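Engineer:
There are 2 protein chains.
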Amino acid sequence: MEKELHLKLTVRLYTDDNQRCFGPGIATLLERVEAHHSLRSAAASMEMAYSKAWRIIRTAEAVFGCKMLSSTIGGQHGGGAVLTPEAHRLLDAYRAYESSVRQFAEDRFEESFHFYRELKKTAPPED
Amino acid sequence: MEKELHLKLTVRLYTDDNQRCFGPGIATLLERVEAHHSLRSAAASMEMAYSKAWRIIRTAEAVFGCKMLSSTIGGQHGGGAVLTPEAHRLLDAYRAYESSVRQFAEDRFEESFHFYRELKKTAPPED
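Here the protein sequences come in this chain order: A and B.
Okay, so the first sequence: first residue is 0 according to numbering that gives the first Met the number 0, each after it adds one.
Okay, so the second sequence: first residue is 0 according to numbering that gives the first Met the number 0, each after it adds one.
#1: Is there a Cβ from chain B that is less than 8 angstroms from the Cβ of ASP16 of chain A?
#2: Identify the contact partners of HIS36 of chain B in chain A, using a Cβ-Cβ distance below 9 angstroms as the criterion.
#3: Assuming ALA80 of chain B and HIS113 of chain B make a contact with CB atoms under 8 angstroms, what is their CB distance in whole Å?
#4: What residues are listed by DSSP as bridge partners for THR71 of chain A?
#5: Return the residue from the list B:LYS2, B:THR9 and B:GLU3 that minimises the CA-CA distance to VAL100 of chain A.
#6: Candidates A:MET47, A:GLN18, A:CYS20 and A:PRO84: which alpha carbon is nearest ARG31 of chain A's?
#7: I need the DSSP call for HIS35 of chain A, collapsed to helix, strand or coil.
#8: Three or more beta-carbon pairs under 8 angstroms between the region 58-74 of chain A and the region 91-100 of chain A, yes or no?
#9: Relative to the alpha-carbon of LEU12 of chain A, which residue among B:LEU118, B:PHE108, B:GLU117 and B:ARG116 has its alpha-carbon at the smallest distance?
#10: Rounding to the nearest angstrom, what Cα-Cα distance links THR58 of chain B and THR27 of chain A in this structure?
#11: For the region 84-95 of chain A, which residues have a beta carbon sitting closer than 9 angstroms to at least one beta carbon of chain B?
#12: Could you name the residues of chain B that GLU3 of chain A contacts, counting a contact when the two beta carbons are closer than 9 angstroms?
#13: So what does DSSP say about LYS66 of chain A, is it helix, strand or coil?
#14: From TRP53 of chain A to GLU33 of chain A, what does the alpha carbon distance come to, in whole angstroms?
#15: According to DSSP, what are the bridge partners of HIS87 of chain A?
#16: Using 8 angstroms as the limit for Cβ to Cβ distance, is VAL100 of chain A near chain B?
#17: Under the rule that 16 or more other beta-carbon atoms within 10 Å means buried, what is TYR49 of chain A, buried or exposed?
#18: Over what stretch of residues does the beta strand (DSSP E) that includes LYS127 of chain A continue unbroken?
#19: Could you tell me which of A:ASN17, A:THR14, A:GLY22 and A:ASP16 sits nearest to SER98 of chain A, measuring between CA atoms?
#20: Give, in chain order, every residue of the region 29-63 of chain A whose Cβ lies closer than 7 angstroms to some Cβ of chain B.
#21: So, is the C-beta of SER111 of chain B closer than 8 angstroms to a C-beta in chain A?
#22: Under the rule that 16 or more other beta-carbon atoms within 10 Å means buried, what is GLU60 of chain B, buried or exposed?
#23: Quick one, are the C-beta atoms of THR71 of chain B and GLU3 of chain A less than 8 angstroms apart?
#24: Could you name the residues of the same chain whose beta carbon sits closer than 7 angstroms to that of GLY24 of chain B, not counting the 5 residues immediately before and after it, in chain order?
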C-alpha cells in the first residue's frame, strides 16, 4: 500500500536572545481562552499544566511588553479571562502569517517531492 | 533594551498514517554522515544516541522504500557509510524546499509583525 506524504509546518517566533515567545502552543492556548473564558479551562482542554500555561503567557507578556489576558468580574460569563486587544492582534497576525506561509509551502509540495513515488519503484529496499 | 523578533520555521514530512519520516533531524544526520563517513560519528557529532540515529534511518527507509546508507569497505576513507543516490536526492529536495519556504516566510516577516514595536510603546505592561 502506497503511503502519501504530507507536510507539517511549524512557525515560531523567538527573540534575538533565543527566547521562544510565540508559536502554535500559545496560539491554541489563547484561542481556548477565548472559547472557555478561563486560562485554567483553556489549559485543561489541551492537557497543558496550568503552571505551564501561565509561564507561556508571562513570557509572551514580558517579550511583547503588554498584557495578554484581562480579568472580567461577573457579567455574562460570570467572571473569567478574556484576551486583551494586544493579544488579539498578535494572535490574528500569527494565524494570518502562518496560513500564508503554509499556503505557499503546500502549493510547492507536490512539485518538490513527487519523485518520491518513483523512488519506491526504482529502488526496492534490500533486506 | 528592545528585543528583536526572529522566525524559526520547521518543515517536516509525515505519511498519511502520521508517521514522521523526514525533517531537520534526519537531514542533519545525513549531512553529518557525508562529512564523517560513519553513522556512529554522525550521531555522536550531534549528540544523538546511535540507536536513535538507526531508528530514524530505518523509518525513512521503510517509508521511502529505499536504502539511505551504503557501506564502503576499505578505500580512501577506510570503510564506512555513504549516502545512497536516493538519500542524496531526498536530502537535496528537502533542503531546496525548506530554503524556498523560509525565503518566502522571511520576506513577509517584517510586514506581518512590525506592529510589535508599537505594541511595546502603546501598552506598557501593568505589574
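Don't be surprised by glycine CBs; every beta carbon is placed ideally from N, CA and C.
Remember, it's a predicted structure, so these values are computed and weren't measured experimentally.
Structural biologist: Let me spell this out:
#1: Chain B, which has a Cβ nearer than 8 angstroms to the Cβ of ASP16 of chain A, makes this yes.
#2: Residues of chain A with a Cβ closer than 9 angstroms to the Cβ of HIS36 of chain B do not exist; the shortest Cβ-Cβ separation is about 20 angstroms.
#3: So it is not a contact: roughly 47 angstroms between Cβ atoms.
#4: THR71 of chain A is bridged to A:GLY79.
#5: Considering only alpha carbons, the answer is B:THR9.
#6: Comparing C-alpha distances from ARG31 of chain A to each of A:MET47, A:GLN18, A:CYS20 and A:PRO84 shows the shortest one belongs to A:MET47.
#7: Three-state DSSP puts HIS35 of chain A in a helix.
#8: Cβ pair count under 8 angstroms is below three, so no.
#9: Of the candidates B:LEU118, B:PHE108, B:GLU117 and B:ARG116, the residue whose Cα lies closest to the Cα of LEU12 of chain A is B:PHE108.
#10: For THR58 of chain B and THR27 of chain A, the gap between their C-alpha atoms comes out near 30 angstroms.
#11: Only those residues of the region 84-95 of chain A whose C-beta falls short of 9 angstroms from the nearest C-beta of chain B are listed: PRO84, GLU85, ARG88, LEU89, ALA92, TYR93 and ALA95.
#12: THR14 and ASP15, listed in chain order.
#13: LYS66 of chain A sits in coil when the DSSP states are folded into three classes, being neither helix nor strand.
#14: Each residue's Cα considered, the two are about 15 angstroms apart.
#15: Bridge pairing for HIS87 of chain A: absent [DSSP].
#16: Closer than 8 angstroms to the CB of VAL100 of chain A there is at least one CB belonging to chain B.
#17: So TYR49 of chain A counts as exposed.
#18: Beyond the ends of chain A as shown, which are 0 and 126, falls residue 127 of chain A; an answer cannot be given.
#19: Considering only alpha carbons, the answer is A:GLY22.
#20: Of all residues in the region 29-63 of chain A, only GLU60, VAL62 and PHE63 come within less than 7 angstroms of chain B when Cβ atoms are compared, listed by chain position.
#21: For SER111 of chain B, at least one C-beta of chain A is nearer than 8 angstroms to its own C-beta.
#22: The residue is buried, with at least 16 neighbouring Cβ atoms inside 10 Å.
#23: Going by C-beta atoms, THR71 of chain B is not nearer than 8 angstroms to GLU3 of chain A.
#24: ILE55, listed in sequence order.
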